[in-house]
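Undergrad:
2 protein chains.
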Amino acid sequence: MILDWKIVAEKIYNELKNEILPLEKKPKLWAILIWNNSSSIRYIKQKQKWAEYIWVDFELLTFDENISQISLLEEINKLNIDENISWFIIQLPLPKHINEQEIINSINPEKDVDWFHPINQWKIVIWDETWLKPCTPAWVIELCKFYNIDLIWKNIVIIWRSNIVWKPLANMLINMQATLTICNSKTKNIDFYTKNADIIITAMWSPEFLTTEKINKDTVVIDVWFSVIDWKIYWDCDFENIIQNWNKITPVPGWVWALTVAMLMKNTLKAYKK
Amino acid sequence: MILDWKIVAEKIYNELKNEILPLEKKPKLWAILIWNNSSSIRYIKQKQKWAEYIWVDFELLTFDENISQISLLEEINKLNIDENISWFIIQLPLPKHINEQEIINSINPEKDVDWFHPINQWKIVIWDETWLKPCTPAWVIELCKFYNIDLIWKNIVIIWRSNIVWKPLANMLINMQATLTICNSKTKNIDFYTKNADIIITAMWSPEFLTTEKINKDTVVIDVWFSVIDWKIYWDCDFENIIQNWNKITPVPGWVWALTVAMLMKNTLKAYKK
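First to last, the protein sequences are chains W and S.
Counted the way this note's numbering counts, the first sequence spans residues 752 to 1025.
Counted the way this note's numbering counts, the second sequence spans residues 752 to 1025.
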């Protein structure tokens, strides 16, 4: 069975739209874009499109890609102290000459609707529930909720390589009382863990590494990232064979941007209502 | 075999002392104590004793236990901006009327030698190595290093209940490429994980829960917390039987304060040298 994030995203956008339409003053989202690469531009256009679809005002603030670290910090500070601006996002990645972490640290945590600031991220580690949630981990949990896949008290395995998106997710799952095993490419006996898993979340960038032999028939497989080899996209799991095996699995291929952005819009409305 | 933290602590204190003795200007540590409970006082006295033993100047700043949140924030701000004060610690727990997390958040992260501030803690999550390390997780890693217990690529199990000390440790172990399973009291088949573990770190507060049947003979057991029932102290592991089984195990009973404080002094010297 396919866990179709498109259906989940559509449901969320419609719910948000129904809630926002009757509001006299619409919520507004400010976004900083450093005009540097096509993937940032494509991503920010997605955000704009979906914001406008659900009647969220979207204001894009663009800066030249040669902007210095100091000038960018000054621009962020202006937003931080401007009482008319309630929250804003900064589209990542930033140009190479910019220290990205320092920029993230400079955002006023109370205006950080992406929930990227270390103070906000650390709240995820130490608390069961936070006010807003980082968008990528949030969609994994939302997707499971939609399909009635219980996470509490389940054996969950995360297989990761180098990106950090899974880390807040890992901490959120621990707080949900999951028994969580975090495996990596050096794990001695990975089958031991994957065969015992109720749910596997993989972000290993290892083409079709997760085969039917490594899982059992009840395992839910959530494949959050992919590799590109010779212009062809590969996922971590052997989708074609696993889907025939009746496991629940996320659709491959597929871009989950729409669902990630839906989580951002959820945060925006939550922040607006506060 | 007993993993004796006393030997490790002694070694570290002697190393620090040898390094500090020849220094013309000694490192100094400032500590805030809210005069409220006997365990805080006992703990801060340990810190003072060990600081003085290794020739670190120790200055205790005490405040009345009725100090208001705002006054305490003002006092911390004075330390934050005072150029003569390089770093300081705040002895926890704080009185009940004080919002502890807000106080921790108010410390200048660059003067936070306990490494408690969310910005510092989050660095542990996203980075492999941080400049300073939080003291409790640091001693677990130091103890293993002393006894040549390799953590990298090992199967490690953490069994926790409600405290948060283990969370930075979990994140540090993940960054060390351990395959880490985090179990809790609701884990469906905990033996499955403990029997496959190279190392078990337990902070469950469940008296003698971890018996010889639940582990194998090569498993290292690190028992970091205890329960008190009818004035008697119980550890999570059945120490008497496990030790006869030739497993490597932390000494029970035993207070690891001296080793935790050794880690604080290590941070202080590191900060001083910077």
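Using N, Cα and C, we set each Cβ at its ideal position, and we do this for glycine too.
For residue 992 of chain S and residue 963 of chain S, I'd like the C-alpha separation in whole angstroms.
TA: Spanning the two alpha carbons is a distance of roughly 7 Å.
Undergrad: What does residue 886 of chain W touch in chain S if you count any residue whose Cβ is under 8 Å from its own?
TA: Chain S residues near residue 886 of chain W: none, gap ~17 Å exceeds 8 Å.
Undergrad: Along the beta strand (DSSP E) that carries residue 809 of chain W, what are the first and last residues, could you check?
TA: Residue 809 of chain W -> beta strand (DSSP E) spans 808-814.
Undergrad: Against residue 918 of chain S, what residues of chain W qualify as contacts under a CB-to-CB distance less than 7 Å, listed in chain order?
TA: Residues of chain W passing the Cβ test: 876, 877.
Undergrad: For the stretch 845-878 of chain S, which residues have a beta carbon sitting closer than 7 Å to at least one beta carbon of chain W?
TA: Flagged, chain order: 856, 869, 870, 872, 873, 876, 877.
Undergrad: For a test of the three-state rule: what should DSSP assign to residue 947 of chain S, helix, strand or coil?
TA: Reduced to three states, the DSSP call for residue 947 of chain S is coil.
Undergrad: I'd like the list of long-range same chain contacts for residue 849 of chain S, defined as Cβ closer than 7 Å, with 5 residues on each side in sequence excluded.
TA: These residues qualify, in order along the chain: 820, 823.
Undergrad: Beta-carbon of residue 931 of chain W versus every beta-carbon of chain S: anything under 8 Å?
TA: So yes, residue 931 of chain W belongs to the interface.
Undergrad: Secondary structure at residue 898 of chain S, three-state DSSP: helix, strand or coil?
TA: Note: residue 898 of chain S maps to coil in three-state DSSP.
Undergrad: What are the complete beta strand (DSSP E) segments, minimum 3 residues, inside the stretch 798-882 of chain S?
TA: Listed in chain order, the complete beta strand (DSSP E) runs (minimum 3 residues) inside the stretch 798-882 of chain S are 808-814, 839-841.
Undergrad: Please report how far the alpha carbon of residue 928 of chain W lies from the alpha carbon of residue 834 of chain S, in whole angstroms.
TA: Taking the straight line from one Cα to the other gives about 44 Å.
Undergrad: Count the C-beta pairs between the stretch 899-906 of chain W and the stretch 921-940 of chain W that are closer than 8 Å, then say yes if the count reaches three, no if not.
TA: Contact between the stretch 899-906 of chain W and the stretch 921-940 of chain W is present, because at least three Cβ pairs lie under 8 Å.
Undergrad: Residue ranges of each beta strand (DSSP E) run of no fewer than 3 residues wholly in the stretch 923-1007 of chain S, ordered along the chain?
TA: You should have 930-934, 950-954, 971-974, 977-980, 983-986.
Undergrad: Is the stretch 936-946 of chain S touching the stretch 874-894 of chain S in the sense that three or more CB pairs, one from each, lie closer than 8 Å?
TA: Touching, no, given that fewer than three Cβ pairs across the two stretches are closer than 8 Å.
Undergrad: At what residues does the alpha helix (DSSP H) containing residue 765 of chain S begin and finish?
TA: Segment 756-771, the alpha helix (DSSP H) holding residue 765 of chain S.
Undergrad: Answer yes or no: do residue 954 of chain S and residue 975 of chain S have a C-beta to C-beta separation smaller than 8 Å?
TA: Result yes, Cβ atoms of residue 954 of chain S and residue 975 of chain S sit closer than 8 Å.
Undergrad: Comparing the C-beta of residue 765 of chain W with each C-beta of chain S, is any distance below 8 Å?
TA: For residue 765 of chain W, the answer is no, since every Cβ of chain S falls outside 8 Å of its Cβ.
Undergrad: What's the call for residue 979 of chain W, buried or exposed, on a 16-neighbour Cβ count within 10 Å?
TA: Exposed, since its Cβ has fewer than 16 Cβ neighbours within 10 Å.
Undergrad: At a Cβ cut of 7 Å, what residues of the stretch 926-956 of chain S count as close to chain W, listed as they run along the chain?
TA: Result list: 928, 930, 931, 932, 933, 934, 935, 937, 938, 939, 943, 947.
Undergrad: Can you list, in chain order, the residues of its chain with a C-beta nearer than 8 Å to that of residue 851 of chain S? Leave out the 5 residues immediately preceding and following it.
TA: Closer than 8 Å at Cβ, skipping near neighbours: 843, 844, 845.
Undergrad: Compare the C-beta of residue 699 of chain S against all C-beta atoms of chain W and say whether one is closer than 8 Å.
TA: Outside the displayed range of chain S (752 to 1025) lies residue 699 of chain S, so it cannot be described from this structure.
Undergrad: How long is the line joining the alpha carbons of residue 989 of chain S and residue 857 of chain W, rounded to whole angstroms?
TA: If you take the alpha carbons of residue 989 of chain S and residue 857 of chain W, they lie about 49 Å apart.
Undergrad: Is there a Cβ of chain W sitting closer than 8 Å to that of residue 998 of chain S, yes or no?
TA: No, residue 998 of chain S does not count as interfacial toward chain W.
Undergrad: Does the stretch 866-877 of chain S come into contact with the stretch 866-879 of chain W, if we say contact requires no fewer than three beta-carbon pairs (one atom in each stretch) closer than 8 Å?
TA: Flag = yes, the stretch 866-877 of chain S and the stretch 866-879 of chain W touch.
Undergrad: Are the Cβ atoms of residue 795 of chain W and residue 782 of chain W separated by less than 8 Å?
TA: Yes. Within cutoff.
Undergrad: To the nearest angstrom, how far is it from the Cα of residue 1001 of chain W to the Cα of residue 787 of chain S?
TA: Taking the straight line from one Cα to the other gives about 54 Å.
Undergrad: Can you confirm whether residue 831 of chain S, when its beta carbon is compared against all beta carbons of chain W, has any partner nearer than 8 Å?
TA: It does not: the Cβ of residue 831 of chain S has no partner Cβ on chain W nearer than 8 Å.
Undergrad: Could you work out which residue in S:985, S:998, S:970 is closest to residue 957 of chain S when comparing CA atoms only?
TA: Minimum Cα distance to residue 957 of chain S is reached at S:985.
Undergrad: Between the alpha carbons of residue 919 of chain S and residue 998 of chain W, how many angstroms are there, rounded?
TA: Each residue's alpha carbon lies about 34 Å from the other.
Undergrad: Cα separation between residue 1015 of chain W and residue 756 of chain S?
TA: Near 47 Å, if we compare the C-alpha coordinates of residue 756 of chain S and residue 1015 of chain W.
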